[in-house]
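S.K.: Residues 149 to 449 in this note's numbering are what the sequence shown lists, from first letter to last.
Heads up, the beta-carbon is just placed ideally off N, CA and C, and yes, glycines get one too.
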Amino acid sequence: KGTGMFVETDGVRPATMTNDSTGTISIGDSTSESVLRTGMFTKNQNVKITNKGKIDAGKNSYAIYGKDVQLTSGSELNIGDNGVGIFSTSTTPATPNIDIQAGAKINLGKDEAVGVFLGTDAATGVQANGVRINDAGSIMNIGDNSYGYVLKGTGTTFTNSSSGSVTLGTKSVYLYSDDTTGNITNNVALTSNGSTAGTALISATGGQNYGIYSAGTVVNNANIDFSKGIGNVGIYSIKGGTATNNSTITVGDSNAQGNLYSLGMAAGYARTDSGNIINNGTINVVGKDAIGMYASGPGST
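So this is what it looks like as C-alpha coordinates:
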(Lines of atoms letter the chains of each structure in order from A and count residues from 1; the text may use other names and numbers.)
(Lines give C-alpha, C1' and ligand atoms only; values in the text may rest on other atoms or scores of the structure.)
Protein backbone atom coordinates (compact mmCIF):
# COMPACT_ATOMS: atom_id res chain seq x y z
CA LYS A 1 0.00 0.00 0.00
CA GLY A 2 1.41 3.41 -0.94
CA THR A 3 0.69 6.81 -2.48
CA GLY A 4 2.86 9.07 -4.62
CA MET A 5 1.15 12.35 -3.59
CA PHE A 6 -1.41 12.83 -0.80
CA VAL A 7 -3.42 15.85 0.40
CA GLU A 8 -5.93 16.01 3.27
CA THR A 9 -7.73 19.19 4.32
CA ASP A 10 -10.22 20.25 6.96
CA GLY A 11 -12.94 20.08 4.31
CA VAL A 12 -13.38 23.86 4.33
CA ARG A 13 -10.25 25.48 2.96
CA PRO A 14 -9.48 24.60 -0.69
CA ALA A 15 -6.18 23.07 -1.71
CA THR A 16 -4.40 21.98 -4.87
CA MET A 17 -2.22 19.03 -5.78
CA THR A 18 -0.18 19.16 -9.01
CA ASN A 19 2.14 16.77 -10.78
CA ASP A 20 4.10 19.17 -12.98
CA SER A 21 4.98 18.70 -16.64
CA THR A 22 8.44 17.37 -15.74
CA GLY A 23 7.08 15.08 -13.02
CA THR A 24 6.83 11.30 -13.20
CA ILE A 25 5.03 9.22 -10.59
CA SER A 26 5.62 5.47 -10.75
CA ILE A 27 3.72 3.07 -8.54
CA GLY A 28 3.88 -0.70 -8.60
CA ASP A 29 1.28 -3.42 -8.60
CA SER A 30 -1.42 -3.62 -5.92
CA THR A 31 -2.28 -7.01 -4.47
CA SER A 32 -5.91 -5.97 -3.79
CA GLU A 33 -8.14 -2.91 -3.22
CA SER A 34 -7.50 -3.11 0.52
CA VAL A 35 -3.80 -2.53 -0.13
CA LEU A 36 -4.28 -0.14 -3.02
CA ARG A 37 -1.41 1.85 -4.52
CA THR A 38 -2.30 5.29 -5.92
CA GLY A 39 -0.33 7.96 -7.75
CA MET A 40 -2.26 11.03 -6.50
CA PHE A 41 -4.81 10.70 -3.70
CA THR A 42 -7.37 12.75 -1.79
CA LYS A 43 -10.81 12.06 -0.33
CA ASN A 44 -11.61 15.76 0.04
CA GLN A 45 -14.07 17.46 -2.30
CA ASN A 46 -12.22 20.79 -2.15
CA VAL A 47 -8.84 19.50 -3.34
CA LYS A 48 -8.17 20.04 -7.05
CA ILE A 49 -5.84 17.48 -8.61
CA THR A 50 -3.96 18.48 -11.76
CA ASN A 51 -1.72 16.13 -13.68
CA LYS A 52 0.57 17.74 -16.24
CA GLY A 53 3.16 14.96 -16.28
CA LYS A 54 3.29 11.18 -16.35
CA ILE A 55 1.83 8.61 -13.98
CA ASP A 56 2.72 4.94 -14.40
CA ALA A 57 0.39 2.70 -12.38
CA GLY A 58 0.92 -1.06 -12.09
CA LYS A 59 -1.57 -3.89 -12.09
CA ASN A 60 -4.66 -3.27 -9.90
CA SER A 61 -3.38 0.24 -9.03
CA TYR A 62 -5.01 3.67 -9.43
CA ALA A 63 -3.23 6.62 -11.03
CA ILE A 64 -5.54 9.26 -9.51
CA TYR A 65 -8.14 9.00 -6.72
CA GLY A 66 -9.99 12.29 -6.21
CA LYS A 67 -13.08 14.42 -6.69
CA ASP A 68 -11.96 17.32 -8.90
CA VAL A 69 -9.42 16.20 -11.51
CA GLN A 70 -7.78 17.81 -14.51
CA LEU A 71 -5.52 16.16 -17.08
CA THR A 72 -3.71 18.79 -19.14
CA SER A 73 -2.64 18.38 -22.76
CA GLY A 74 0.78 17.06 -21.70
CA SER A 75 -0.64 14.52 -19.26
CA GLU A 76 0.05 10.81 -19.70
CA LEU A 77 -1.50 7.97 -17.70
CA ASN A 78 -0.16 4.46 -18.23
CA ILE A 79 -2.39 1.98 -16.43
CA GLY A 80 -1.67 -1.69 -15.78
CA ASP A 81 -4.04 -4.62 -16.05
CA ASN A 82 -7.21 -4.15 -13.94
CA GLY A 83 -5.99 -0.69 -12.93
CA VAL A 84 -7.81 2.66 -13.03
CA GLY A 85 -6.74 6.00 -14.48
CA ILE A 86 -9.10 8.29 -12.53
CA PHE A 87 -11.45 7.12 -9.77
CA SER A 88 -13.96 9.65 -8.47
CA THR A 89 -16.85 9.76 -6.00
CA SER A 90 -17.52 13.49 -6.33
CA THR A 91 -20.88 14.72 -5.02
CA THR A 92 -20.56 18.43 -5.83
CA PRO A 93 -21.29 19.27 -9.47
CA ALA A 94 -18.71 21.52 -11.08
CA THR A 95 -17.91 22.50 -14.67
CA PRO A 96 -16.39 20.03 -15.09
CA ASN A 97 -15.36 17.73 -12.21
CA ILE A 98 -13.32 15.58 -14.59
CA ASP A 99 -11.57 17.84 -17.11
CA ILE A 100 -9.52 16.06 -19.77
CA GLN A 101 -7.81 18.45 -22.14
CA ALA A 102 -7.06 17.79 -25.81
CA GLY A 103 -3.94 15.69 -26.28
CA ALA A 104 -3.98 14.02 -22.86
CA LYS A 105 -2.92 10.38 -23.21
CA ILE A 106 -4.60 7.47 -21.40
CA ASN A 107 -3.09 4.05 -22.10
CA LEU A 108 -4.93 1.12 -20.53
CA GLY A 109 -3.87 -2.46 -19.90
CA LYS A 110 -6.12 -5.47 -20.22
CA ASP A 111 -8.48 -7.41 -17.94
CA GLU A 112 -10.94 -4.71 -16.82
CA ALA A 113 -8.63 -1.74 -16.67
CA VAL A 114 -10.65 1.52 -16.70
CA GLY A 115 -9.72 5.00 -17.90
CA VAL A 116 -12.24 6.97 -15.80
CA PHE A 117 -14.35 5.25 -13.13
CA LEU A 118 -17.20 6.93 -11.25
CA GLY A 119 -18.19 4.74 -8.34
CA THR A 120 -18.73 4.35 -4.61
CA ASP A 121 -16.17 4.94 -1.89
CA ALA A 122 -15.67 1.57 -0.20
CA ALA A 123 -15.01 3.11 3.23
CA THR A 124 -17.85 5.66 3.38
CA GLY A 125 -20.41 4.24 0.97
CA VAL A 126 -20.62 7.63 -0.79
CA GLN A 127 -21.57 7.29 -4.45
CA ALA A 128 -20.59 9.73 -7.19
CA ASN A 129 -23.43 12.17 -7.87
CA GLY A 130 -23.78 14.95 -10.42
CA VAL A 131 -20.32 14.49 -11.88
CA ARG A 132 -19.62 16.39 -15.08
CA ILE A 133 -17.02 14.93 -17.41
CA ASN A 134 -15.57 16.79 -20.38
CA ASP A 135 -13.10 15.00 -22.63
CA ALA A 136 -11.87 17.72 -24.99
CA GLY A 137 -9.88 15.32 -27.16
CA SER A 138 -7.90 12.67 -25.30
CA ILE A 139 -5.80 9.99 -26.98
CA MET A 140 -7.11 6.77 -25.44
CA ASN A 141 -5.81 3.25 -26.01
CA ILE A 142 -8.03 0.58 -24.46
CA GLY A 143 -6.63 -2.91 -23.90
CA ASP A 144 -8.43 -6.23 -24.31
CA ASN A 145 -11.41 -6.73 -21.96
CA SER A 146 -11.10 -3.15 -20.67
CA TYR A 147 -13.12 0.09 -20.54
CA GLY A 148 -12.57 3.71 -21.44
CA TYR A 149 -15.26 5.01 -19.10
CA VAL A 150 -17.32 3.28 -16.40
CA LEU A 151 -20.03 5.52 -14.94
CA LYS A 152 -21.78 4.10 -11.87
CA GLY A 153 -22.88 7.31 -10.22
CA THR A 154 -26.11 9.29 -10.56
CA GLY A 155 -26.86 12.44 -12.53
CA THR A 156 -23.71 12.13 -14.62
CA THR A 157 -23.09 14.42 -17.61
CA PHE A 158 -20.54 13.26 -20.19
CA THR A 159 -19.37 15.00 -23.35
CA ASN A 160 -16.34 14.47 -25.55
CA SER A 161 -14.79 16.00 -28.66
CA SER A 162 -14.45 14.87 -32.25
CA SER A 163 -10.75 15.77 -32.03
CA GLY A 164 -10.10 12.80 -29.74
CA SER A 165 -8.72 9.39 -30.71
CA VAL A 166 -9.79 5.97 -29.42
CA THR A 167 -8.12 2.61 -30.07
CA LEU A 168 -10.08 -0.47 -29.01
CA GLY A 169 -8.69 -3.90 -28.24
CA THR A 170 -10.71 -7.13 -28.34
CA LYS A 171 -13.77 -7.35 -26.06
CA SER A 172 -13.30 -3.75 -25.01
CA VAL A 173 -15.90 -1.06 -24.29
CA TYR A 174 -15.51 2.65 -24.86
CA LEU A 175 -18.22 3.75 -22.41
CA TYR A 176 -20.37 1.81 -19.95
CA SER A 177 -22.95 3.52 -17.74
CA ASP A 178 -25.68 2.18 -15.45
CA ASP A 179 -26.72 5.72 -14.49
CA THR A 180 -30.42 5.94 -15.36
CA THR A 181 -30.31 9.71 -14.80
CA GLY A 182 -27.16 10.27 -16.85
CA ASN A 183 -26.71 12.21 -20.09
CA ILE A 184 -24.10 10.91 -22.51
CA THR A 185 -23.07 12.78 -25.68
CA ASN A 186 -20.50 11.09 -27.88
CA ASN A 187 -18.65 13.04 -30.57
CA VAL A 188 -15.56 10.86 -31.05
CA ALA A 189 -15.24 8.28 -33.83
CA LEU A 190 -14.88 4.64 -32.78
CA THR A 191 -13.25 1.93 -34.90
CA SER A 192 -12.88 -1.78 -34.24
CA ASN A 193 -9.82 -3.86 -35.07
CA GLY A 194 -9.61 -7.40 -36.40
CA SER A 195 -10.41 -9.36 -39.52
CA THR A 196 -12.44 -7.83 -42.33
CA ALA A 197 -16.03 -8.81 -43.03
CA GLY A 198 -16.24 -12.02 -45.01
CA THR A 199 -13.25 -13.70 -43.36
CA ALA A 200 -13.87 -17.37 -42.56
CA LEU A 201 -14.84 -17.76 -38.90
CA ILE A 202 -12.00 -20.19 -38.27
CA SER A 203 -9.57 -17.43 -39.26
CA ALA A 204 -11.44 -14.41 -37.89
CA THR A 205 -9.83 -12.22 -35.24
CA GLY A 206 -10.88 -9.36 -32.97
CA GLY A 207 -14.29 -7.98 -32.17
CA GLN A 208 -16.83 -8.28 -29.35
CA ASN A 209 -16.50 -4.54 -28.77
CA TYR A 210 -19.21 -2.25 -27.44
CA GLY A 211 -19.10 1.40 -28.39
CA ILE A 212 -21.59 2.73 -25.84
CA TYR A 213 -23.46 0.45 -23.42
CA SER A 214 -25.60 2.73 -21.34
CA ALA A 215 -28.68 3.52 -19.31
CA GLY A 216 -30.03 7.07 -19.28
CA THR A 217 -29.96 9.36 -22.30
CA VAL A 218 -27.40 8.78 -25.03
CA VAL A 219 -26.79 10.89 -28.14
CA ASN A 220 -24.24 9.70 -30.67
CA ASN A 221 -22.92 12.25 -33.18
CA ALA A 222 -19.87 10.35 -34.46
CA ASN A 223 -19.15 7.51 -36.85
CA ILE A 224 -18.83 4.05 -35.34
CA ASP A 225 -17.02 1.73 -37.76
CA PHE A 226 -17.30 -1.74 -36.28
CA SER A 227 -16.95 -3.55 -39.60
CA LYS A 228 -13.84 -5.45 -38.47
CA GLY A 229 -13.95 -8.35 -36.03
CA ILE A 230 -16.83 -10.56 -34.92
CA GLY A 231 -19.83 -9.68 -32.74
CA ASN A 232 -19.41 -5.92 -32.27
CA VAL A 233 -22.21 -3.71 -30.96
CA GLY A 234 -22.32 0.01 -31.73
CA ILE A 235 -24.81 1.30 -29.14
CA TYR A 236 -26.76 -0.65 -26.50
CA SER A 237 -29.55 0.98 -24.46
CA ILE A 238 -30.41 -0.54 -21.06
CA LYS A 239 -32.54 0.11 -17.95
CA GLY A 240 -35.26 1.97 -19.81
CA GLY A 241 -32.88 4.51 -21.30
CA THR A 242 -33.04 6.12 -24.73
CA ALA A 243 -30.17 6.16 -27.22
CA THR A 244 -30.24 8.26 -30.39
CA ASN A 245 -27.86 7.90 -33.31
CA ASN A 246 -27.28 10.95 -35.53
CA SER A 247 -24.32 9.59 -37.48
CA THR A 248 -23.18 6.43 -39.29
CA ILE A 249 -22.78 3.01 -37.65
CA THR A 250 -21.26 0.13 -39.61
CA VAL A 251 -21.20 -3.46 -38.38
CA GLY A 252 -19.51 -6.56 -39.79
CA ASP A 253 -19.79 -10.30 -39.34
CA SER A 254 -21.64 -12.22 -36.66
CA ASN A 255 -20.95 -15.72 -35.42
CA ALA A 256 -24.54 -16.96 -35.20
CA GLN A 257 -23.53 -20.42 -34.02
CA GLY A 258 -21.61 -18.89 -31.14
CA ASN A 259 -24.37 -16.30 -30.40
CA LEU A 260 -21.96 -13.46 -31.16
CA TYR A 261 -24.08 -11.04 -33.16
CA SER A 262 -22.95 -7.77 -34.66
CA LEU A 263 -25.59 -5.12 -33.91
CA GLY A 264 -25.73 -1.50 -35.00
CA MET A 265 -28.08 -0.49 -32.18
CA ALA A 266 -29.72 -2.69 -29.55
CA ALA A 267 -32.17 -2.22 -26.68
CA GLY A 268 -33.09 -4.26 -23.62
CA TYR A 269 -32.27 -7.80 -22.66
CA ALA A 270 -34.55 -10.86 -22.72
CA ARG A 271 -37.30 -10.57 -20.08
CA THR A 272 -35.33 -8.61 -17.51
CA ASP A 273 -34.47 -5.27 -19.09
CA SER A 274 -35.70 -2.69 -21.55
CA GLY A 275 -34.28 0.11 -23.65
CA ASN A 276 -35.15 2.47 -26.47
CA ILE A 277 -33.22 3.21 -29.65
CA ILE A 278 -33.74 5.90 -32.29
CA ASN A 279 -31.79 6.10 -35.54
CA ASN A 280 -31.64 9.48 -37.27
CA GLY A 281 -28.50 8.55 -39.16
CA THR A 282 -27.33 5.57 -41.20
CA ILE A 283 -26.69 1.98 -40.15
CA ASN A 284 -24.65 -0.10 -42.60
CA VAL A 285 -24.86 -3.88 -42.25
CA VAL A 286 -21.89 -5.25 -44.21
CA GLY A 287 -21.30 -8.61 -42.55
CA LYS A 288 -22.97 -12.00 -42.51
CA ASP A 289 -25.85 -12.38 -40.02
CA ALA A 290 -25.35 -8.85 -38.71
CA ILE A 291 -28.39 -6.85 -37.54
CA GLY A 292 -29.01 -3.13 -37.94
CA MET A 293 -31.40 -2.55 -35.01
CA TYR A 294 -32.53 -5.05 -32.38
CA ALA A 295 -34.89 -4.75 -29.41
CA SER A 296 -35.70 -7.24 -26.66
CA GLY A 297 -37.33 -7.14 -23.25
CA PRO A 298 -40.68 -5.72 -22.09
CA GLY A 299 -41.46 -2.26 -23.43
CA SER A 300 -38.32 -1.90 -25.53
CA THR A 301 -38.61 0.17 -28.70
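Find out if the Cβ-Cβ distance for the pair Val264, Ile281 is shorter than 8 Å.
M.R.: Mapped onto the sequence shown, residue 264 falls at position 116. Mapped onto the sequence shown, residue 281 falls at position 133. Yes, the pair counts as a contact, with Cβ atoms nearer than the cut-off.
S.K.: Would DSSP call Ile350 helix, strand or coil?
M.R.: Within the sequence shown, the letter at position 202 stands for residue 350. Helix, per DSSP.
S.K.: Could I get the ranges of all uninterrupted beta strand (DSSP E) runs contained in the region 314-387, with 3 residues as the minimum, in chain order?
M.R.: Those beta strand (DSSP E) runs which fall completely within the region 314-387 and span 3+ residues are 321-325, 331-334, 358-362, 365-368, 372-374, 381-385.
S.K.: Kindly provide the ranges of any alpha helix (DSSP H) runs that are 4 or more residues long and lie completely inside the region 266-322, ordered along the chain.
M.R.: If we require 4 residues or more, the region 266-322 turns out to have no alpha helix (DSSP H) run fully inside it.
S.K.: Look at Lys215 and Asn245 and say whether their C-beta atoms are less than 8 Å apart.
M.R.: Sequence index remark: in the sequence shown, residue 215 carries index 67 (1-based). Sequence index remark: in the sequence shown, residue 245 carries index 97 (1-based). In this structure, Asn245 lies closer than 8 Å to Lys215 by Cβ.
S.K.: Please report the distance separating the alpha-carbon of Thr240 from that of Gly406.
M.R.: Working through the sequence shown from its first residue, we reach residue 240 at position 92. Working through the sequence shown from its first residue, we reach residue 406 at position 258. Distance between the alpha carbons of Thr240 and Gly406 is about 45 Å.
S.K.: Bridge partners of Ala414, per DSSP?
M.R.: Stepping through the sequence shown from its first residue, residue 414 is reached at position 266. In DSSP, Ala414 forms a bridge with Tyr384, Tyr442.
S.K.: Kindly indicate which residue of Tyr324, Gly312, Thr347, Lys376 has the alpha-carbon position closest to the one of Ala337.
M.R.: In the sequence shown, counting from the first residue as 1, residue 337 sits at position 189. Ranking Tyr324, Gly312, Thr347, Lys376 by Cα distance to Ala337 puts Gly312 first.
S.K.: To the nearest angstrom, how far is the alpha carbon of Gly412 from that of Val155?
M.R.: Taking the first residue of the sequence shown as position 1, residue 412 is located at position 264. Taking the first residue of the sequence shown as position 1, residue 155 is located at position 7. Taking the straight line joining both Cα atoms gives about 45 Å.
S.K.: Run through DSSP, which three-state label would Gln405 get?
M.R.: Counted from its first residue, the sequence shown places residue 405 at position 257. Helix, per DSSP.
S.K.: Note the first and the last residue of the continuous beta strand (DSSP E) segment covering Ala205.
M.R.: What you label residue 205 is simply residue 57 of the sequence shown in a count that begins at 1. Ala205 -> beta strand (DSSP E) spans 202-205.
S.K.: Work out the CA separation of Asp421 and Gly429 for me, nearest whole Å.
M.R.: For this step, residue 429 is matched to residue 281 along the sequence shown. For this step, residue 421 is matched to residue 273 along the sequence shown. If you take the alpha carbons of Gly429 and Asp421, they lie about 25 Å apart.
S.K.: By the three-class DSSP mapping on this structure, what secondary structure does Ser448 have?
M.R.: Within the sequence shown, residue 448 is the residue found at index 300, counting from 1. Coil.
S.K.: What is the DSSP secondary structure of Val183, counted as helix, strand or coil?
M.R.: Within the sequence shown, numbered from 1, the residue matching residue 183 stands at position 35. Three-state result, Val183: helix.
S.K.: Rounded to a whole number of angstroms, what is the C-alpha to C-alpha distance between Ser448 and Tyr213?
M.R.: Here the question's residue 448 lines up with position 300 in the sequence shown. Here the question's residue 213 lines up with position 65 in the sequence shown. Their backbone Cα atoms lie some 37 Å apart in a straight line.
S.K.: Grouping DSSP H, G and I as helix and E and B as strand, with all else coil, what is Thr398?
M.R.: Here the question's residue 398 lines up with position 250 in the sequence shown. If DSSP states are grouped into helix, strand and coil, Thr398 belongs with the strands.
S.K.: Quickly, what does DSSP pair Val155 with across the bridge? List them, please.
M.R.: Your numbering for residue 155 matches position 7 in the sequence shown. DSSP lists no partner for Val155.
S.K.: Would you decide whether Asp158 is buried or exposed? Buried here means 16 or more other CB atoms lie within 10 Å of its CB.
M.R.: By one-based count along the sequence shown, residue 158 stands at place 10. Label assigned to Asp158: exposed.
S.K.: Nearest-angstrom Cα distance between Pro162 and Asn293?
M.R.: By one-based count along the sequence shown, residue 162 stands at place 14. By one-based count along the sequence shown, residue 293 stands at place 145. Spanning the two alpha carbons is a distance of roughly 38 Å.
S.K.: Measure from the alpha carbon of Thr318 to the alpha carbon of each residue in Phe306, Gly228, Asp259, Ser310, then state which is nearest.
M.R.: Position 170 of the sequence shown, counted from the first residue, corresponds to residue 318. Closest by alpha carbon: Asp259.
S.K.: So the beta strand (DSSP E) Ser169 belongs to, where does it begin and stop?
M.R.: Sequence index remark: in the sequence shown, residue 169 carries index 21 (1-based). Neither: Ser169 is in no beta strand (DSSP E) and is coded neither H nor E.
S.K.: Measure the C-alpha to C-alpha separation of Val433 and Thr353 and round it to an integer number of angstroms.
M.R.: Indexing the sequence shown from 1 puts residue 433 at position 285. Indexing the sequence shown from 1 puts residue 353 at position 205. Distance between the alpha carbons of Val433 and Thr353 is about 19 Å.
S.K.: When the Cα of Gln193 is compared with those of Gly171, Asp269, Gly201, Gly303, which residue comes out closest?
M.R.: Mapped onto the sequence shown, residue 193 falls at position 45. The candidate whose alpha carbon is nearest that of Gln193 is Asp269.
S.K.: Short check: CB of Ile360 to CB of Tyr322, under 8 Å?
M.R.: One-based indexing of the sequence shown puts residue 360 at position 212. One-based indexing of the sequence shown puts residue 322 at position 174. Yes, Cβ-Cβ distance for Ile360 and Tyr322 is below 8 Å.
S.K.: Suppose the cutoff is 6 Å on Cβ atoms and the five residues either side in sequence are ignored; what does the same chain contact list for Ile426 look like?
M.R.: Here residue 426 refers to the residue found at position 278 of the sequence shown. Hits under 6 Å: Thr392.
S.K.: Quick check on the DSSP output: the beta strand (DSSP E) that includes Lys196 runs from which residue to which?
M.R.: Position 48 of the sequence shown, counting from 1, holds the residue named residue 196. Its beta strand (DSSP E) spans residues 195-199.
S.K.: If we call anything under 8 Å between Cβ atoms a contact, is Phe94 one with Thr328?
M.R.: A query on residue 94 cannot be resolved here, the shown segment of the chain reaching from 149 to 449 and no further.
S.K.: Compute the beta-carbon to beta-carbon distance between Ile290 and Ser320, rounded to the nearest angstrom, for a pair I have assumed lies under 8 Å.
M.R.: Taking the sequence shown and counting its residues from 1, one reaches residue 290 at position 142. Taking the sequence shown and counting its residues from 1, one reaches residue 320 at position 172. The Cβ separation is near 5 Å, so the contact holds.
S.K.: Can you tell me whether Ile242 is helix, strand or coil according to DSSP?
M.R.: Walking along the sequence shown from the start, residue 242 turns up at place 94. Checking the displayed sequence, the identity of residue 242 turns out to be Ala instead of Ile. In this structure, Ala242 counts as coil in the three-state DSSP scheme.
S.K.: Three-state secondary structure (DSSP) at Glu260?
M.R.: For this step, residue 260 is matched to residue 112 along the sequence shown. Coil at Glu260, not helix or strand.
S.K.: In terms of residue numbering, what span does the beta strand (DSSP E) encompassing Asp216 cover?
M.R.: Residue 216 sits at position 68 when you count from the first residue of the sequence shown. Note, Asp216: beta strand (DSSP E), 216-219.
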